[in-house]
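There are 2 protein chains.
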Amino acid sequence: MGFIIYALSLSIFIYGAVRMKRRPTQLDVATLAGVSPGIVSTIINNRTNGNIRISEATQQRVLDAIKELGYVPNPVARSLAGGQNRLLGVFTYEALFPLEYRNFYYEFLIGIEKEAEIQDYNLLFFTRRQGTQKRVIYQNGVNSLQLADGAILLGLGTDREELARLNNEGYPFVFIGRREIKNGQISYVAADYKRATREIVEYTINKGHRRLALVQGSLRAEPQLDKQAGYCDATALNGLNESLAEIHYKENDQITVEWLKMLFDKGVTAFIVESTSEAKRLAAVAAQLGKHAPADFSYAILGDPMNLEEIIPDATTYRTPRQEMGAQAVRLLCEILTAGGEIEPRQVILPCHFQPGNTVGAPSHPA
Amino acid sequence: MGFIIYALSLSIFIYGAVRMKRRPTQLDVATLAGVSPGIVSTIINNRTNGNIRISEATQQRVLDAIKELGYVPNPVARSLAGGQNRLLGVFTYEALFPLEYRNFYYEFLIGIEKEAEIQDYNLLFFTRRQGTQKRVIYQNGVNSLQLADGAILLGLGTDREELARLNNEGYPFVFIGRREIKNGQISYVAADYKRATREIVEYTINKGHRRLALVQGSLRAEPQLDKQAGYCDATALNGLNESLAEIHYKENDQITVEWLKMLFDKGVTAFIVESTSEAKRLAAVAAQLGKHAPADFSYAILGDPMNLEEIIPDATTYRTPRQEMGAQAVRLLCEILTAGGEIEPRQVILPCHFQPGNTVGAPSHPA
DNA sequence: CTGAAAGCGCTTACAG
DNA sequence: CTGAAAGCGCTTACAG
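Protein sequence lines, in the order shown, are assigned to chains L and C. -17 is the number of the first residue of the first sequence in the numbering used here; add one for each residue after it. -17 is the number of the first residue of the second sequence in the numbering used here; add one for each residue after it.
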């Protein structure tokens, strides 16, 4: 009887058109070793250390059988029985590999990959849309992230409602970047934009500037607000009132010669600029007025460029610790997973790294 | 009774200390909709088109139940049961997001993501090592790619033995780039390096050059061989024998002033260079000899840089159609999946795009 | 057209 | 110390 089962279990099956031997299973091993399947599992998983004890002889027989059959446990079955699938999701509302901004997610992904490898998880990138227009977490009202044990979310175009729902549901996730929702807190790993901005503004003020302008785009999400807060802190602490520390919301095409000339005429000597592309535009327009940084005016950039190609090598700026953020996000997610949900939402704030560069100098007309 | 089962199935369980609803299963859906679990599976998998017919009303009830419960099929269970999980694997032997070569995989990934979205698959990046030293497909003898319905493989450091085994096993996969194995053929999507190289060499010859040198590194895999074949074809067809069409295997640090001077002295006027980094090195060394392209000598580069930062904007080169390769690889994989393994391995060869640039000119001393 | 049941290959209480 | 059994969440013949 044992023989029949054994013979059967090694029968051939069809996988598409290619015929392949069926892989031996735990049952095959158990049968050959003359033990029950559970024992095989116990031995394989080394659970023999606890209170469970299995005789040396039995262990040896099982080990021999495993070797003889070339048995390897099926990872899929293990996942099913174990309740976890060791899949970490990665979700973005926009393309994860955008054409335009090749540097946008890349640094995060480096960190995510490294840490996933350390934590021994595979990564699941949610690209399926299942017919929906754009990417959404809840497809037909269903949380598609369920596919993975937990998920990392990042990027632009976040739907706060979905985040809140995810949170309520208790689905384990970590956002890369600060994101606030109504009625609660989510777990995130963010850069300390506020502090970094405060520092860079103080650096600028210490160079002698007394009349600054913050230039941001029209987007006003958490990062922009944090930067603005840092700017306000630093200027206020140094006795610059609102008329000496202006704030302008300008898209690139609104940065014109007229506008810039007006600011120069007002006596603005230093610009704190949201991003590299705006800085480039600013520098170009200033050049039309015959002004160049740092001799004729100064500017500092708040964070990394979205696109490596547009980097300004000698800019006064700070580096967002993107790789570190990616890695920490994975680590935090794993902690949440390990805690099995026992944990309250947690926020991790990472420092940015100041780059002195060479676009902030002393003002040409000290106040 | 139905009510009791339903109540039970939605019972709260402890997932750590935060009480979260247990993920609903097919049984929950079936119970709520008042059908048997098999029906739910049938509807979800759209197997209603075949001979199986299920009433509109029933379908609607099931769909409603799915929505109400937020049910998502467990991909692991699906795999085990022998179905599909709409996961496409992506496997590389080295880091998928390398620090050094930010442009290496990126373009492929753009194409892969786009096409995966079109084909409605999620992407599974294999980062788990399960204790192995480096990434391998067969972990403890088991094919870890099994987790996905099929996989895209790409990049350096390929283990041919593993590819062959994968092929024998009948596991559905497509390689990005030409890869040959013993005793068989695998499916791949490759760039037509041979043809592109032939064309660029002919372009160079047509400019008047009669004495060329091919400069490749020590790596000699399929791409390098294809390029060399193209070089040999073009030079032979134009009557340049081996002494007029040299081949050198040089790593960057072996490109020295002495060596280059020797070639110049020999009368070599044009260099066909494997990659951008070697071209940069060559140009720098030539500059030390007071020579500049295209006035004093010419060079052409065979393919895209691995790193966007090192791009030479005006180089005579050709573009590898990487995005297209990624997309086509996914498409081919989907075809294989649809055919259910009934298909023979298929190879797709995509043309490269010539970029005239400005580093190949007429020779300064026409032969 | 729909339901009941077996089975995928494991893990893990639960009995003895 | 070891075995028999239930269960993980699906899919897929097989009956009705």
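Quick reminder that beta carbons are idealized off the backbone N, C-alpha and C, glycines included. Quick caveat, the model's predicted, so the values are computed rather than measured.
Spatially closest choice to residue i from the options, by CA coordinates
i, options, result
"residue 51 (chain L)", "L:18, L:14, L:23", "L:14"
"residue 328 (chain C)", "C:238, C:168, C:105", "C:168"
"residue 260 (chain L)", "L:277, L:215, L:289, L:133", "L:289"
"residue 245 (chain L)", "L:340, L:225, L:217, L:17", "L:225"
"residue 252 (chain C)", "C:59, C:325, C:276", "C:276"
"residue 312 (chain C)", "C:250, C:100, C:125, C:273", "C:100"
"residue 95 (chain C)", "L:208, L:76, L:220", "L:76"
"residue 322 (chain L)", "L:154, L:106, L:229", "L:154"
"residue 48 (chain C)", "L:269, L:105, L:124", "L:124"
"residue 268 (chain L)", "L:241, L:294, L:256", "L:241"
"residue 151 (chain C)", "C:126, C:336, C:140", "C:126"
"residue 134 (chain C)", "C:97, C:37, C:40", "C:97"
"residue 185 (chain L)", "L:213, L:66, L:170", "L:213"
"residue 310 (chain L)", "L:105, L:119, L:166, L:170", "L:170"
"residue 295 (chain C)", "C:278, C:308, C:262, C:326", "C:262"
Beta-carbon proximity list for residue i, same chain, < 6 Å, skipping 5 on both sides
i, result
"residue 172 (chain L)", "159, 160, 331"
"residue 231 (chain L)", "198, 200"
"residue 46 (chain C)", "none"
"residue 22 (chain C)", "8, 11, 12, 44"
"residue 59 (chain L)", "none"
"residue 293 (chain C)", "287"
"residue 66 (chain C)", "131"
Cutoff 8 Å; reference residue i; Cβ partners in own chain excluding five residues on either side
i, result
"residue 334 (chain L)", "173, 174, 175, 177, 178, 285, 300, 301, 302, 303"
"residue 43 (chain L)", "15, 16, 17"
"residue 271 (chain C)", "239, 242, 243, 246"
"residue 337 (chain C)", "297, 298, 299, 300, 301"
"residue -16 (chain C)", "Note on residue -16 (chain C): pLDDT 30, under 50, position unreliable in the model; no value is reported."
Spatial neighbours of residue i in its chain, beta-carbon cut-off 7 Å, leaving aside the 5 residues before and after
i, result
"residue 344 (chain C)", "189, 190"
"residue 142 (chain C)", "163"
"residue 233 (chain L)", "199, 200"
"residue 26 (chain C)", "55"
"residue 84 (chain C)", "289, 290"
"residue 236 (chain C)", "none"
"residue 121 (chain L)", "112, 114"
"residue 140 (chain L)", "75, 161"
Beta-bridge pairing of residue i - partner residues as DSSP gives them
i, result
"residue 106 (chain L)", "L:71, C:106"
"residue 136 (chain C)", "C:74, C:158"
"residue 172 (chain C)", "C:331"
"residue 181 (chain L)", "In DSSP, residue 181 (chain L) forms no bridge with anything."
"residue 125 (chain C)", "C:120"
"residue 299 (chain C)", "C:283, C:337"
"residue 253 (chain L)", "L:195, L:281"
"residue 231 (chain C)", "C:198"
"residue 163 (chain L)", "L:166"
Pair within 8 Å by beta-carbon distance, residue i and residue j
i, j, result
"residue 280 (chain C)", "residue 239 (chain C)", "no"
"residue 136 (chain C)", "residue 90 (chain C)", "yes"
"residue 264 (chain L)", "residue 227 (chain L)", "no"
"residue 69 (chain L)", "residue 131 (chain L)", "yes"
"residue 254 (chain C)", "residue 196 (chain C)", "yes"
"residue 117 (chain L)", "residue 102 (chain C)", "no"
"residue 320 (chain L)", "residue 283 (chain L)", "no"
"residue 180 (chain L)", "residue 216 (chain L)", "yes"
"residue 129 (chain C)", "residue 71 (chain C)", "yes"
"residue 297 (chain L)", "residue 339 (chain L)", "yes"
"residue 222 (chain C)", "residue 192 (chain C)", "yes"
"residue 93 (chain C)", "residue 317 (chain C)", "no"
"residue 53 (chain L)", "residue 6 (chain L)", "yes"
"residue 86 (chain C)", "residue 108 (chain C)", "no"
"residue 229 (chain C)", "residue 206 (chain C)", "no"
"residue 104 (chain C)", "residue 106 (chain L)", "yes"
The alpha helix (DSSP H) enclosing residue i, as first and last residue numbers
i, result
"residue 88 (chain L)", "88 to 101"
"residue 291 (chain C)", "No alpha helix (DSSP H) holds residue 291 (chain C); DSSP gives it neither H nor E."
"residue 258 (chain C)", "258 to 270"
"residue 239 (chain C)", "239 to 248"
"residue 207 (chain C)", "204 to 219"
"residue 49 (chain L)", "38 to 51"
"residue 142 (chain L)", "142 to 151"
N- and C-terminal bounds of the beta strand (DSSP E) containing residue i
i, result
"residue 198 (chain C)", "194 to 198"
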